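In this note's numbering, the protein residues as written are 26 to 129.
Note that beta-carbon positions come from the ideal geometry of N, C-alpha and C, so glycine has one too.
All of these numbers come straight from a predicted model, not from anything done at the bench.
Remarks on the structure that follows.
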């Protein structure tokens with residue numbers, strides 16, 4: 026299985042996926058930490074995280090997958106949403122909470 030196929034499988038199998046540095050319990054960069062806090066504030070119960078620091082192929086591959094140069098990256102229902110800045114904007118506007126509420 027190629028790295029791109031692995032990423033596709035992960036985002037297809039889990040409703041909310043965050044590719045990040047570290048994990049939800051122990052984020053290893055400020056942007057990843059902020060992304061986790063935003064998702065907690067949106068009451069995401071089934072967050073699936075992928076620690077890109079543990080797998081360099083995923084770390085580089087996810088940037089290609091979404092054509093987005095930075096990490097963290099959020100996917101909801103297989104669709105790329107954005108990084109922590111976009112997540113913050115969507116949280117502030119209420120849009121992110123609405124998308125997540127539709128998952129329930």
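If we count the other Cβ atoms within 10 Å of its Cβ and call it buried at 16 or more, is residue i buried or exposed?
i           : result
residue 74  : buried
residue 55  : exposed
residue 86  : buried
residue 57  : buried
residue 115 : buried
Let me make sure I understand the geometry here. Which of the options has the alpha-carbon closest to that of residue i?
i           : options        : result
residue 102 : 26, 28 and 42  : 42
residue 35  : 90, 118 and 49 : 90
Beta-carbon separation of residue i and residue j under 8 Å?
i          : j           : result
residue 67 : residue 128 : no
residue 65 : residue 96  : no
residue 99 : residue 112 : yes
residue 78 : residue 62  : no
Any chance you could list the beta strand (DSSP E) runs of at least 3 consecutive residues sitting entirely within the region 40-114, in chain order? Entirely contained in the region 40-114, the beta strand (DSSP E) runs reaching 3 residues are, in chain order, 41-45, 72-76, 98-101 and 104-107.
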